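Mapping of the sequence shown onto the numbering used here: residues 354 to 466, in sequence order.
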Amino acid sequence: AIDASGILSDPAVRARLVELLPEGQRTDDKLEENLRSPQMQQCLNSLTAALSGDEFNSILANFALDPSDGATAMVSGNPIQAFLDCVLKQVEKEKAAKKEEEEGGGKEDSMEE
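Pasting the structure below:
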């Protein structure tokens, strides 16, 4: 599934993932080894089962995600894609809010004085 997704073809993604590995394991080989490990497969299987079950909305609530962001994928019967859509939308919202804060933060302060 990892190979099929093509995500590891992006050098920036690979580099970011390698940075997240424990010190002493920060190599491309160790990244692939970790991603293909039985432990990772078990975690992915557990996440898939949880998202495919009745707990989908509870899981989204635990991550403070908006279920409407994944509605299209849920309607088509793909809870995994729905979860990923929700995560991506949340990241976009956080980046936009941060950018707005950086650009507009000074303006609000000067108006209040």
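Note that the Cβ used here is the ideal one computed from N, Cα and C, for glycine as well. Keep in mind it's a predicted model, so treat the numbers as computed, not measured.
- State the Cα-Cα distance for the pair residue 387 and residue 393, rounded to the nearest angstrom. 7 Å
- Item | is_contact[residue 438, chain B] using C-beta, thresh 7 Å | In the structure shown, chain B does not exist; there is a single protein chain.
- Kindly confirm or deny that the segment 431-440 and the segment 393-413 touch, where touching means at least three C-beta pairs closer than 8 Å. yes
- Item | Helix, strand or coil at residue 406 according to DSSP, with G and I counted as helix | coil
- Quick one: using the 10 Å Cβ neighbour count with 16 as the cut-off for buried, is residue 418 buried or exposed? buried
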